[in-house]
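Each residue of the sequence shown is one higher than the one before, counting from 1 in full-length UniProt numbering. Just so it is clear, CB atoms sit at the ideal spot from N, CA and C, and this is done for glycine as well. Notes for the one structure printed next.
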Amino acid sequence: MASGIRHRDFQRTRWTCSHCICKVQRHSGGARSARSSVLPHCIFNLRPEQTRLEKEYFTDRMDSVCTDCSSPGQGANSSVDSHQHSNLDDDDELLRYIWKEYLHPKQYEWVLIVAYIIVFFVSLIGNSLVCFAVWKNRNMRTVTNYFIVNLSFADILVTIICLPASLVVDITETWFFGKTLCKIVPYLQTISVSVSVLTLSSIAHDRWYVICHPLMFKSTAQRARKNIVVIWVVSCIIMIPQAVVMECSSLVPELTNKTSLFTVCDEHWGADIYPKIYHTCFFIVTYFAPLCLMVLAYIQICHKLWCQQIPGSTSVLHRKFKTFQCSSPSAASGESVRVRTSTVCAEIKQVRARRKTARMLMVVLFVFALCYLPISVLNIMKRVFGTFKNSNDRETVYAWFTFSHWLIYANSAANPIIYNFLSGKFREEFKAAFTCHLCGQDRTRSQKIRTRTSTDSRKSLSTQVHNMDSVSRISDQII
C-alpha cells in the first residue's frame with residue numbers, strides 16, 4: 001500500500017548472460033543467415049505450462065541458457081566469442097518475443113482492464129457529483145459534509161493520477177513513466193490514503209462529541225475547514241519518506257538504453273531493517289490504530305442513539321405530555337400543548353436524522369476497512385516478513401496484489417454509491433444533476449419554497465427549545 005503499485009518480488013540478479021544469445025542456424029544448407037534466428041534456444045525449451053512468474057524474466061533460467069549455448073554440438077563457444085555485442089535486429093526480435101510472451105495482457109487481464117475502466121469513470125463522476133452537490137446546495141454545507149467533500153477530493157486525486165499508472169504497471173509489469181513520476185505517483189497515493197484515514201477519523205471524532213458529549217465540544221464549519229487544512233499538511237509531511245526511497249531500476253541493466261521494459265519503480269532502502277520499521281509504522285498509523293479508535297467511537301454512538309431511552313414511541317411521548325400537564329395546570333392550554341408537541345417532535349426528528357447519518361458513516365468506514373485490508377496485510381507480509389521471496393506459487397501472489405490494488409480504487413468509487421443509497425439529500429442532488437433545464441427551473445422554485453419553510457420552522461423551533469441544552473441544531477445533523 002505504500003506505493004499503491006504492485007512490484008513483483010523478483011530477484012535483482014543481473015543478466016550476466018545477456019549476450020549469450022544462441023545464433024541457431026537452420027540446418028537447411030545455411031539458406032538463412034545466423035541473424036535470422038536470434039532468440040535463445042533455451043527459452044524455446046521452457047515448458048509451456050510454466051507461468052510467467054515462474055520464468056522470472058529468465059533469471060531463473062539464465063544458467064541453463066548459458067549452459068545450453070556453450071554445450072557441444074551447438075557451436076555456441078565460437079558464436080559467443082564472435083558475437084559479444086548483439087546487433088540491433090537481434091535485440092528488437094528478442095524484445096518482441098518478450099512483449100508477446102510476458103507483457104502482453106492475458107485473457108484474465110483484459111477483465112481487469114475493464115474493471116479498472118469502470119471504477120475510473122464511476123469514481124470520477126460520482127465524487128465530482130458529491131462536491132458539486134455540496135457546493136450548489138447551501139443547506140448541505142454541514143460539518144460532516146465538508147469532511148465528505150474532502151474525502152471525495154482525495155478520491156478524485158488518486159483516481160486521476162494514480163489509477164492509470166497502477167493499471168499499466170499491473171498489466172505490463174513495467175514502469176514507463178520515468179524517474180520523476182516514480183517519486184510523485186506513489187507519494188500522492190500514500191497522501192490520499194492518509195487523507196482518507198484522517199478524514200474518516202475526524203468525522204468519527206466530530207460525531208462522537210456531538211452525540212455523546214454535546215456540551216463539551218461545539219462543532220462548526222469553520223473548525224471543520226481548519227481541520228481539513230491540517231489533515232492535508234500532516235499527510236504531506238509524514239509521507240515524505242515514501243517519495244525519498246522510490247527509485248527506478250532495471251531488472252535487466254544491459255537493456256536499459258534500448259528499452260523501458262523490465263524497468264520497475266520500487267523502494268530502495270539502505271538496510272533491511274528500515275523498510276520493516278517504516279511499513280510497520282505505516283500499517284499502524286494509517287490503518288490499524290485509526291480503525292480501532294473509530295470502531296470504539298461508533299460503538300458509543302450506536303449505544304447513545306439506539307440503546308438509550310429516547311423520545312420516539314407513543315408511550316414516551318404520552319408520558320412527557322402527562323408529566324407536563326400535571327406539573328402545571330395552566331399549561332393545558334392549546335398553545336402550550338402545541339409548543340410541547342413541537343419540542344418532542346424536534347427531538348424525535350433529530351435522533352432519526354442522527355441515526356441515518358451514523359448508519360451511512362459506519363457503512364463508509366466498513367467499506368474502507370474491507371477494501372484496504374488485503375493490501376495492508378500483503379504489504380506487511382512482503383515488506384516486513386519477506387513472505388513471498390521464496391514463494392513457488394508466484395502467479396497466485398501476483399493475482400492477490402493485483403486484486404488488492406483494484407480494491408483500493410473500488411473504494412473510491414463505492415463512496416458516492418453509498419451516499420446515493422443512504423442519504424436522501426445527496427440522492428436528490430444526484431438526480432437533479434441529470435435532469436433537464438426546465439425541470440431544474442421547477443425544482444429551483446420548489447426548493448426556494450422548502451428552504452423558506454425550513455428557515456421559518458427552524459426559527460420557531462429555536463424559540464421552543466432554547467433552554468434545552470441536550471438538543472442541538474437539527475439542520476446540522478441531516479445529510
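CA-to-CA distance, residue j to residue i, given in whole angstroms
{"i": "Pro105", "j": "Leu112", "result": "10 Å"}
{"i": "Thr59", "j": "Val143", "result": "Its pLDDT being 44, under 50, Thr59 is placed unreliably in this model, and the coordinates cannot settle the point."}
{"i": "Phe426", "j": "Asn150", "result": "15 Å"}
{"i": "Glu247", "j": "Tyr278", "result": "17 Å"}
{"i": "Tyr97", "j": "Arg394", "result": "21 Å"}
{"i": "Val229", "j": "Ala221", "result": "13 Å"}
{"i": "Lys382", "j": "Lys218", "result": "44 Å"}
{"i": "Lys226", "j": "Leu291", "result": "23 Å"}
{"i": "Ile348", "j": "Met216", "result": "22 Å"}
{"i": "Arg352", "j": "Thr435", "result": "29 Å"}
{"i": "Asn392", "j": "Ala297", "result": "43 Å"}
{"i": "Ile191", "j": "Trp232", "result": "8 Å"}
{"i": "Ser249", "j": "Asp272", "result": "18 Å"}
{"i": "Ile380", "j": "Lys276", "result": "8 Å"}
{"i": "Phe147", "j": "Lys179", "result": "34 Å"}
{"i": "Val185", "j": "Lys100", "result": "28 Å"}
{"i": "Asp68", "j": "Asp92", "result": "With a pLDDT of 45 at Asp68, under the threshold of 50, the predicted position of this residue should be treated as unreliable, though the coordinate-derived value follows. The straight-line gap from Cα to Cα measures roughly 22 Å."}
{"i": "Cys345", "j": "Cys307", "result": "19 Å"}
{"i": "Ile237", "j": "Ala165", "result": "23 Å"}
{"i": "Ile171", "j": "Leu407", "result": "16 Å"}
{"i": "His205", "j": "Thr280", "result": "25 Å"}
{"i": "Arg138", "j": "Asn145", "result": "11 Å"}
{"i": "Thr396", "j": "His303", "result": "43 Å"}
{"i": "Ala289", "j": "Lys389", "result": "28 Å"}
{"i": "Tyr274", "j": "Val114", "result": "37 Å"}
{"i": "Gln350", "j": "Arg359", "result": "14 Å"}
{"i": "Arg223", "j": "Phe430", "result": "27 Å"}
{"i": "Gln107", "j": "Leu293", "result": "42 Å"}
{"i": "Asp155", "j": "Val285", "result": "19 Å"}
{"i": "Thr387", "j": "Pro253", "result": "26 Å"}
Under 8 Å between C-beta atoms of residue i and residue j
{"i": "Gln242", "j": "Tyr187", "result": "yes"}
{"i": "Met239", "j": "Ser201", "result": "no"}
{"i": "Val169", "j": "Ala413", "result": "no"}
{"i": "Tyr116", "j": "Leu167", "result": "yes"}
{"i": "Leu95", "j": "Thr357", "result": "no"}
{"i": "Ser404", "j": "Leu422", "result": "no"}
{"i": "Val363", "j": "Ile418", "result": "yes"}
{"i": "Asn411", "j": "Phe368", "result": "yes"}
{"i": "Leu305", "j": "Ile211", "result": "yes"}
{"i": "Ile181", "j": "Phe120", "result": "What sits at residue 181 in the sequence shown is Leu, not Ile. Against a cut-off of 8 Å, the Cβ pair of Phe120 and Leu181 comes out as no contact."}
{"i": "Thr402", "j": "Leu261", "result": "no"}
{"i": "Trp269", "j": "Val295", "result": "no"}
{"i": "Leu361", "j": "Ile203", "result": "yes"}
{"i": "Arg207", "j": "Ile301", "result": "yes"}
Paired residues, beta bridge with residue i - DSSP
{"i": "Thr263", "result": "Ser250"}
Nearest candidate by alpha-carbon position, reference residue i, set the options
{"i": "Cys265", "options": "Phe177, Trp208 and Pro164", "result": "Phe177"}
{"i": "Gly424", "options": "Trp208, Ile299 and Ala133", "result": "Ala133"}
{"i": "Tyr409", "options": "Ser128, Gln189, Ser219 and Cys182", "result": "Gln189"}
{"i": "Met140", "options": "Thr435, Glu428 and Val230", "result": "Glu428"}
{"i": "Glu109", "options": "Tyr398, Tyr419 and Thr159", "result": "Tyr398"}
{"i": "Pro416", "options": "Asp92, Ile117, Pro290 and Asn127", "result": "Asn127"}
{"i": "Ser196", "options": "Phe434, Cys371 and Ser391", "result": "Cys371"}
{"i": "Trp135", "options": "Val119, Phe153, Asn411 and Ser235", "result": "Phe153"}
{"i": "Ala432", "options": "Arg383, Val130, Arg352 and Leu94", "result": "Val130"}
{"i": "Ser235", "options": "Leu198, Asp206, Leu163 and Asn257", "result": "Leu198"}
{"i": "Pro214", "options": "Arg354, Thr387 and Arg359", "result": "Arg354"}
{"i": "Lys183", "options": "Glu254, Arg359, Asp155 and Glu267", "result": "Glu267"}
{"i": "Thr263", "options": "Thr172, Thr387 and Leu251", "result": "Leu251"}
{"i": "Phe283", "options": "Gln350, Ile375, Ala346 and His303", "result": "Ile375"}
{"i": "Phe366", "options": "Asn145, Glu254, Ile299 and Pro253", "result": "Ile299"}
{"i": "Gln157", "options": "Arg359, Ile125 and Ala289", "result": "In the sequence on display, residue 157 carries Leu and not Gln. Measuring from the Cα of Leu157, the nearest candidate turns out to be Ile125."}
Residue-level contact to chain C via CB, residue i, 8 Å cutoff
{"i": "Phe401", "result": "Protein chains in the displayed structure number just one, and chain C is not present."}
Completely contained alpha helix (DSSP H) runs for the segment 115-173, where each covers 4 or more residues: If you keep only unbroken alpha helix (DSSP H) runs of at least 4 residues inside the segment 115-173, you get 143-172.
Ordered list of alpha helix (DSSP H) runs contained in the segment 382-431, each at least 4 residues: Whole alpha helix (DSSP H) segments, 4+ residues: 394-422.
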